[in-house]
Amino acid sequence: MGYDNKNNFAAGEPTTTFTIDQIKASASYVRNYIETNQKLPSYVQIGTINVTMPQFLELLSTATIQINEGNNKLIPLLDYTAPTSPLESIVSGNIPKTEYLKIANDIKNYMDTSGKTPDFAYKTSLGTYLRYENLVYMYSMIMDYYNTSGKKADFAVMKPWSVISKPVLATFTVNDIKAAATKVRNYIETNQKLPSYVQIGTINVTMPQFLELLSTATIQINEGNNKLIPLLDYTAPTSPLESIVSGNIPKTEYLKIANDIKNYMDTSGKTPDFAYKTSLGTYLRYENLVYMYSMIMDYYNTSGKKADFAVMKPWSVISKPVLATFTVNDIKAAATKVRNYIETNQKLPSYVQIGTINVTMPQFLELLSTATIQINNGNKNLIPLRNYSSPTSPLESIVSGNIPKTEYLKIANDIKNYMDTSGKTPDFAYKTSLGTYLRYENLVYMYSMIMDYYNTSGKKADFAVMKPWILVIYKLPAGFEQYIVPTNNCQSTDSRIIALANNITSGASTPYEATQRIFNWVKNNVSYQFYYNTQKGAVDTLTSSGGNCVDTTHLLIALLRSVGTPARYVHGYCQFSSGSWYGHVWANVYVNGQWIFADATSSRNQLGVINNWNTGTFTLNGYYTSLPF
Numbered sequence: 354m355g356y357d358n359k360n361n362f363a364a365g366e367p368t369t370t371f372t373i374d375q376i377k378a379s380a381s382y383v384r385n386y387i388e389t390n391q392k393l394p395s396y397v398q399i400g401t402i403n404v405t406m407p408q409f410l411e412l413l414s415t416a417t418i419q420i421n422e423g424n425n426k427l428i429p430l431l432d433y434t435a436p437t438s439p440l441e442s443i444v445s446g447n448i449p450k451t452e453y454l455k456i457a458n459d460i461k462n463y464m465d466t467s468g469k470t471p472d473f474a475y476k477t478s479l480g481t482y483l484r485y486e487n488l489v490y491m492y493s494m495i496m497d498y499y500n501t502s503g504k505k506a507d508f509a510v511m512k513p514w515s516v517i518s519k520p521v522l523a524t525f526t527v528n529d530i531k532a533a534a535t536k537v538r539n540y541i542e543t544n545q546k547l548p549s550y551v552q553i554g555t556i557n558v559t560m561p562q563f564l565e566l567l568s569t570a571t572i573q574i575n576e577g578n579n580k581l582i583p584l585l586d587y588t589a590p591t592s593p594l595e596s597i598v599s600g601n602i603p604k605t606e607y608l609k610i611a612n613d614i615k616n617y618m619d620t621s622g623k624t625p626d627f628a629y630k631t632s633l634g635t636y637l638r639y640e641n642l643v644y645m646y647s648m649i650m651d652y653y654n655t656s657g658k659k660a661d662f663a664v665m666k667p668w669s670v671i672s673k674p675v676l677a678t679f680t681v682n683d684i685k686a687a688a689t690k691v692r693n694y695i696e697t698n699q700k701l702p703s704y705v706q707i708g709t710i711n712v713t714m715p716q717f718l719e720l721l722s723t724a725t726i727q728i729n730n731g732n733k734n735l736i737p738l739r740n741y742s743s744p745t746s747p748l749e750s751i752v753s754g755n756i757p758k759t760e761y762l763k764i765a766n767d768i769k770n771y772m773d774t775s776g777k778t779p780d781f782a783y784k785t786s787l788g789t790y791l792r793y794e795n796l797v798y799m800y801s802m803i804m805d806y807y808n809t810s811g812k813k814a815d816f817a818v819m820k821p822w823i824l825v826i827y828k829l830p831a832g833f834e835q836y837i838v839p840t841n842n843c844q845s846t847d848s849r850i851i852a853l854a855n856n857i858t859s860g861a862s863t864p865y866e867a868t869q870r871i872f873n874w875v876k877n878n879v880s881y882q883f884y885y886n887t888q889k890g891a892v893d894t895l896t897s898s899g900g901n902c903v904d905t906t907h908l909l910i911a912l913l914r915s916v917g918t919p920a921r922y923v924h925g926y927c928q929f930s931s932g933s934w935y936g937h938v939w940a941n942v943y944v945n946g947q948w949i950f951a952d953a954t955s956s957r958n959q960l961g962v963i964n965n966w967n968t969g970t971f972t973l974n975g976y977y978t979s980l981p982f
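Using this note's numbering, read the sequence shown as starting at 354 and increasing by one per residue.
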């Protein structure tokens with residue numbers, strides 16, 4: 354069949370023509386053939402004529418243009434050579450009407466001018482090359498939509514031909530995939546790894562394949578779409594990465610990720626190593642994507658509801674071996690043991706035995722935190738035992754006081770999230786209401802007290818009564834209580850005294866270090882003034898920054914007693930370095946299991962060492978809990 358370069362048919366040459374309705378009906382056939390067989394048909398029969406796909410592409414392009422123009426002219430059938438080297442480099446997406454009309458004109462002009470079928474459309478909005486087969490498919494979809502709806506398509510939904518032509522191995526219903534998701538979720542939570550495959554009907558579906566099914570089913574459920582979902586092959590991921598914290602991924606985000614996964618797999622034929630830039634961190638790895646959508650679909654399978662969010666943990670936590678599981682009651686009983694051990698021995702035990710398992714204190718802290726949260730939530734699920742590395746540098750700077758329930762629950766969540774995320778045990782809780790650092794050992798003690806209270810009373814604790822760890826491990830000898838209470842002029846419970854003492858001792862790791870810090874502060878900050886007996890007392894000595902030996906000692910002892918360190922007064926007659934003899938008062942402090950002298954009136958003195966008077970010649974007048982003068 355000949356034609357001139359002005360697109361006019363040679364005079365008198367016979368032609369075959371088709372109506373737009375014939376081309377529309379044929380487009381529906383071609384579309385269905387492609388979607389069933391993942392390839393173009395060799396031809397489509399229109400009436401009694403077998404029309405090849407190159408011919409049909411020209412008919413489709415012309416019909417698309419004419420429909421847009423409202424032109425119902427008959428469309429002639431001509432011959433065209435087949436394409437020779439189709440190329441494609443597009444992503445999945447939509448081609449809008451303005452663009453598909455332009456491409457249709459380009460195709461028609463090229464074919465009418467050259468008598469050839471194009472290998473591709475060039476420089477589309479979805480990529481550089483849109484190959485010949487996909488052009489036939491695109492215009493078949495556009496014409497089929499017009500055929501079935503009577504409307505012009507606003508856009509064409511496109512995928513790479515490599516995806517469309519991928520063999521469909523089977524098809525599944527959304528219900529098939531939901532049921533399989535429940536199996537996969539249970540497998541992961543039991544075995545801490547992905548299964549190699551899940552059986553759906555008689556088909557063994559690999560996890561890369563299942564991720565695509567899960568993503569598609571999640572999208573379709575959200576859209577109310579019950580279409581069968583095809584099973585295709587995908588290459589496995591090669592380098593999964595993850596850097597997320599524990600938390601929730603909301604529905605809007607998990608739907609977006611599902612679309613991203615589906616588009617990537619449809620475009621590339623590959624399985625993603627991770628989802629990128631999630632709200633929980635930069636990388637959400639492949640295995641966790643399978644787990645997330647298995648949870649989402651399992652929830653829909655068991656509840657009939659769409660999940661508002663997915664509760665996520667790092668895969669390193671999910672895949673950590675579970676060594677055992679315990680009930681909340683097991684942990685409560687163990688907490689009572691640990692509390693009693695600490696209060697008897699002034700240290701943490703190396704482990705606590707729960708059943709036949711020796712649980713280390715890092716492990717027990719995670720169990721305590723989880724049990725505390727679950728009790729508050731009314732959750733009786735078994736709690737898994739996993740391994741965690743020990744803390745390396747515990748710090749503490751708190752004052753004695755109460756931590757209310759709202760705060761200890763928040764700290765429990767912080768501990769659990771940190772341990773679940775990192776596999777490490779925290780050195781401390783940060784920025785508590787009692788101070789900046791609440792050290793690891795005291796966290797174990799606090800939650801042991803909270804759980805012991807629940808164990809013995811059956812009630813949730815409204816607060817936890819806390820004191821610095823150095824006071825927990827400091828065992829006061831019998832009868833020494835008199836040396837830690839306020840007395841006349843020794844106002845150890847005054848808020849100013851307490852605040853200063855806590856500030857001075859913040860971060861001290863032993864009772865001796867705390868005592869030394871208080872002694873040095875008084876020595877360096879209170880100027881000596883000569884007068885007799887008490888004139889100021891501890892508080893006024895503090896506010897005036899000066900005093901004689903009696904008032905300086907009042908302040909020193911008040912500060913020591915405020916942090917629980919036993920201290921008493923000593924009165925003697927002493928020869929000073931000047932050679933003069935005076936009546937003198939200094940402190941006697943009980944620390945490290947012994948009484949030591951502490952005279953803060955001279956910069957030459959140190960804790961336990963007196964240099965400004967002769968300790969070999971003084972006359973002892975007496976020791977006092979409360980000074981009478």
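A virtual CB, placed ideally from N, CA and C, is assigned to each residue, including glycine. Remember, predicted model here, so these are calculated numbers, not experimental data.
For this session: Could you say which of Tyr694, Asn698, Lys700, Gln699 lies nearest to Gln706 if we only look at CA atoms?
Result: Tyr694
Exercise. If Tyr935 and Phe929 are in contact, beta carbons under 8 Å, what's the gap, nearest whole angstrom?
Worked result: 7 Å
Exercise. In the structure shown, what three-state DSSP assignment does Lys777 receive?
Worked result: strand
For this session: With a 10 Å radius around its C-beta and 16 neighbouring C-beta atoms as the bar for buried, classify Leu581 as buried or exposed.
Result: exposed
For this session: Using the Cα positions of Tyr396 and Ala660, report the straight-line distance between them to the nearest angstrom.
Result: 47 Å
For this session: State the start and end residues of the unbroken alpha helix (DSSP H) segment that holds Gly890.
Result: 890–897
Exercise. Which residue from Asp497, Leu440, Asn447 puts its Cα closest to that of Leu483?
Worked result: Leu440
Exercise. Ile803 and Ala814 look like a contact to me (Cβ under 8 Å); what is the Cβ gap, rounded to whole Å?
Worked result: 5 Å
For this session: Tell me whether Thr785 sits in a helix, a strand or coil according to DSSP, three-state version.
Result: strand
Exercise. Got a sec? Which residues, its chain only, sit under 8 Å from Ser518 by beta carbon, not counting five neighbours each side?
Worked result: Gln391, Lys392, Glu486
Exercise. With respect to the beta strand (DSSP E) encompassing Gln947, which residues constitute its N-terminal and C-terminal limits?
Worked result: 947–951
Problem set entry | Residues near Lys359 in its chain [Cβ-Cβ closer than 7 Å; skip 5 each side] | For Lys359, the predicted structure reports a pLDDT of 35, less than 50, and the residue's modelled location is therefore unreliable. The matter cannot be settled from this model.
Problem set entry | Nearest candidate by alpha-carbon position, reference Pro296, set Leu973, Ile857, Gly932, Leu824 | For the chain, the structure presents residues 354 to 982; residue 296 sits outside this window and is missing.
Exercise. When burial is assigned at 16 or more other CB atoms within 10 Å of the CB, is Leu718 buried or exposed?
Worked result: buried
Problem set entry | N-terminal and C-terminal residue of the alpha helix (DSSP H) that Lys623 is part of | Neither: Lys623 is in no alpha helix (DSSP H) and is coded neither H nor E.
For this session: With distances taken Cα to Cα, identify the nearest neighbour of Pro520 among Thr470, Thr389, Phe409.
Result: Thr389
Problem set entry | Thr954 in three-state terms, based on DSSP | coil
For this session: Look at Pro715 and Pro744 and say whether their C-beta atoms are less than 9 Å apart.
Result: yes
For this session: Check whether the Cβ atoms of Leu410 and Tyr492 lie closer than 9 Å to each other.
Result: yes
Exercise. Can you check whether the CB of Val903 is closer than 9 Å to the CB of Phe982?
Worked result: yes
Exercise. Which first and last residues belong to the beta strand (DSSP E) in which Leu973 is found?
Worked result: 972–977
Problem set entry | Other residues of its chain near Met665: CB distance less than 8 Å, five sequence neighbours each side excluded | Ile597, Ser599, Gly600, Asn601, Ile602, Leu633, Leu637, Asn641, Met645
Exercise. In chain order, what residues of the same chain lie with their CB nearer than 8 Å to the CB of Val404, ignoring the 5 residues before and after it?
Worked result: Ser379, Tyr396, Val397, Gln398, Leu412, Leu430
For this session: Count the CB pairs spanning the stretch 906–920 and the stretch 882–895 that are closer than 8 Å, and state whether there are at least three.
Result: yes
Problem set entry | C-alpha distance - Lys546 paired with Asn539, whole-angstrom precision | 10 Å
Exercise. What does a CB cutoff of less than 8 Å around Ser478 pick up in its chain, not counting 5 residues either side in sequence?
Worked result: Gly446, Ile448, Pro449, Glu452
Exercise. Below 8 Å, can you find three or more Cβ-Cβ pairs linking the stretch 605–621 to the stretch 779–798?
Worked result: no
For this session: Run through the stretch 447–516 for me and flag every whole beta strand (DSSP E) of 3 or more residues, listed as ranges in chain order.
Result: 473–477, 480–484, 508–511
For this session: Can you tell me which of Gln573, Thr415, Met560, Val752 puts its alpha carbon nearest to the alpha carbon of Ile495?
Result: Thr415
For this session: Give the straight-line distance between the Cα atoms of Asp357 and Gln408, rounded to the nearest whole angstrom.
Result: Unreliable placement is indicated for Asp357, whose pLDDT of 32 sits below 50; the coordinate value is still reported in the next sentence. Approximately 18 Å, taken between the alpha carbons.
Exercise. Contact check, Tyr865 vs Thr954 under 8 Å by CB: the rounded distance?
Worked result: The pair is not a contact, with the Cβ atoms about 21 Å apart (cut-off 8 Å).
Exercise. Does DSSP put Val527 in a helix, in a strand, or in coil?
Worked result: helix
Problem set entry | Sheet register partners of Trp668 (DSSP bridge) | Partner(s): none; Trp668 has no beta bridge.
Exercise. Quick one: what does DSSP say Asn424 is sitting in, helix, strand or coil?
Worked result: coil
Exercise. So what's Val691 in DSSP terms, helix, strand or just coil?
Worked result: helix
For this session: Compare the Cα-Cα distances from Thr896 to each of Asn873, Thr680, Ile850 and report the closest residue.
Result: Ile850
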